[in-house]
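Here's the structure, in structure tokens; my notes come after.
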Ligand SMILES: *[C@@H]1O[C@H](CO)[C@@H](O)[C@H](O)[C@H]1NC(C)=O
Ligand SMILES: *[C@@H]1O[C@H](CO)[C@@H](O)[C@H](O)[C@H]1NC(C)=O
């Protein structure tokens, strides 16, 4: 192989290798800390497309729900009451593949819900408001409601129960944010206030997204320069 081809491959590799960071968010639809996390920490970081392309997102609304009966209309007690079960299930249906919504649309919808929902009022009117804010078509909204209100919603919610129990049973803290499938309390606590700080730590590409400059000690350009120097050294050794 020619040196030039090798150098070209190294360069292309450095530019395109885009290792996504797995981000799993365990939360509740009416939990104040979860709402603050979405609207003030996670979504502002997510909106930067350069950051977003590094995130492999899993949203798991369930939190500290407790299974209570086999009655299909009343299977769980939710941490903040009945309306939270409505919200958690509605969001579970948004997130499910069957919704047909892109991940981007899912996050927009949930961001609206997390900023507008209110513990002291019914959840579905907020869902209607947000559906129109994010331009969800009538057919999709109808399907989401049907899902949330029936056996499909229950079975997705049971999956969330299983995923949450697999992490911790009961969940210790809401929200809990897990990076690359390894629970770390310090990461989760820091991410609650500054999601970007922790995400940037796990992004191994250089340069890192520009937004990481604002939350890490070394600017991303230093890392970019380092990788160029390394590529140069490898090139000279060949
Ligand atoms: C994203 O995470 C899921 C598991 O949550 C995994 O199956 C999938 O392969 C990951 N995708 C990428 C691009 O890393
Ligand atoms: C959840 O876990 C239980 C017990 O392991 C299992 O029987 C059930 O099928 C699981 N539910 C889903 C939806 O994966």
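Numbering (our numbering), first residue to last: 93 to 330. Glycine included, each C-beta is placed from N, C-alpha and C at the ideal position. If you're wondering where the values come from, they're calculated on a predicted model, not measured in any experiment.
With contact counted as at least three CB pairs below 8 Å, one residue from each stretch, are the segment 195-207 and the segment 278-295 in contact?
Proximity of the segment 195-207 to the segment 278-295 falls short of the contact definition, fewer than three beta-carbon pairs being nearer than 8 Å.
Under DSSP, the alpha helix (DSSP H) around residue 217 begins and ends at which residues?
Residue numbering aside, residue 217 sits at position 125 when the chain shown is read from its first letter. Element bounds for residue 217: 215-225.
For residue 78, is the classification buried or exposed, using 16 other Cβ atoms within 10 angstroms of its Cβ as the cut-off for buried?
No statement about residue 78 is possible, as the shown extent of the chain runs from 93 to 330 and does not include it.
Compute the distance between the beta-carbons of residue 301 and residue 142, then report whether it is under 8 Å.
Taking the chain shown and counting its residues from 1, the one referred to as residue 301 is at position 209. Taking the chain shown and counting its residues from 1, the one referred to as residue 142 is at position 50. Yes. Within cutoff.
Buried or exposed: which applies to residue 173, given that a residue is buried once 16 or more other Cβ atoms fall within 10 Å of its Cβ?
Along the chain shown, read from residue 1 onward, the residue named residue 173 stands at position 81. The residue in question, residue 173, is exposed, as its Cβ has fewer than 16 Cβ neighbours within 10 Å.
Assign residue 111 to one of two classes, buried (16 or more other C-beta atoms within 10 Å of its C-beta) or exposed (fewer than that).
For the purposes of this step, residue 111 is taken as the residue at position 19 of the chain shown. So residue 111 ends up on the exposed side.
Through-space distance from residue 207 to residue 221, alpha-carbon basis
Counting from 1 along the chain shown, the entry for residue 221 is found at position 129. Counting from 1 along the chain shown, the entry for residue 207 is found at position 115. Going by the C-alpha atoms only, they are around 12 Å apart.
Is the separation between the beta-carbon of residue 179 and that of residue 263 shorter than 8 Å?
Locating residue 179 in the chain shown gives position 87, where the first residue counts as 1. Locating residue 263 in the chain shown gives position 171, where the first residue counts as 1. No, the pair does not count as a contact, with Cβ atoms beyond the cut-off.
Tell me whether residue 250 counts as near ligand 2, meaning its Cβ is closer than 7 Å to at least one heavy atom of that ligand.
Indexing the chain shown from 1 puts residue 250 at position 158. Correct: residue 250 has its Cβ closer than 7 Å to ligand 2.
Evaluate residue 332 with the Cβ neighbour count: other Cβ atoms within 10 Å of its Cβ, from every protein chain shown; 16 or more gives buried, anything less gives exposed.
Nothing can be reported for residue 332, as the shown portion of the chain is limited to 93 through 330.
Report the residue from 165, 274, 278 whose alpha carbon sits nearest the alpha carbon of residue 113.
Counting from one through the chain shown, the residue named residue 113 turns up at place 21. Residue 274 is the option with its Cα nearest to residue 113.
For ligand 1, enumerate in chain order all residues having a CB closer than 6 Å to any of its heavy atoms.
112, 114, 148, 150
Can you give me the start and stop residues for the beta strand (DSSP E) that residue 268 sits inside?
Counted from its first residue, the chain shown places residue 268 at position 176. Residues 268-271.
Ordered along the chain, which non-local residues of its own chain (more than five positions away) have a Cβ less than 6 Å from that of residue 269?
Residue 269 sits at position 177 when you count from the first residue of the chain shown. Excluding sequence neighbours, residue 269 sits near 117, 280, 283.
Could you tell me whether the Cβ atoms of residue 294 and residue 276 are closer together than 8 Å?
Counting from one through the chain shown, the residue named residue 294 turns up at place 202. Counting from one through the chain shown, the residue named residue 276 turns up at place 184. Not a contact, by the Cβ cut-off of 8 Å.
Distance, Cα to Cα, residue 256 vs residue 204?
Counting from one through the chain shown, the residue named residue 256 turns up at place 164. Counting from one through the chain shown, the residue named residue 204 turns up at place 112. Taking the straight line joining both Cα atoms gives about 24 Å.
In terms of residues, what are the limits of the beta strand (DSSP E) holding residue 249?
Counted from its first residue, the chain shown places residue 249 at position 157. Per DSSP, residue 249 belongs to no beta strand (DSSP E); it is in the alpha helix (DSSP H), 243-259.
Specify, as a first and last residue, the run of the beta strand (DSSP E) that residue 117 falls within.
Mapped onto the chain shown, residue 117 falls at position 25. Residues 113-119.
Beta bridge counterpart(s) of residue 168 as assigned by DSSP:
On the chain shown, position 76 is the one that residue 168 refers to. According to the DSSP secondary-structure assignment, residue 168 is paired through a beta bridge with 159.
Buried or exposed: where does residue 306 fall if 16 or more other Cβ atoms within 10 Å of its Cβ makes it buried?
Translated into positions along the chain shown, residue 306 becomes position 214. Burial call: exposed.
Here's a check: name, in chain order, each residue in its chain whose Cβ is nearer than 8 Å to the Cβ of residue 90, leaving out the five neighbours to either side.
An answer regarding residue 90 cannot be provided, because it is not within the stretch 93 to 330 covered by the chain.
Hey, is residue 191 close to ligand 2, as in C-beta under 7 Å from one of its heavy atoms?
Position 99 of the chain shown, counting from 1, holds the residue named residue 191. Checking the Cβ of residue 191 against ligand 2 gives no.
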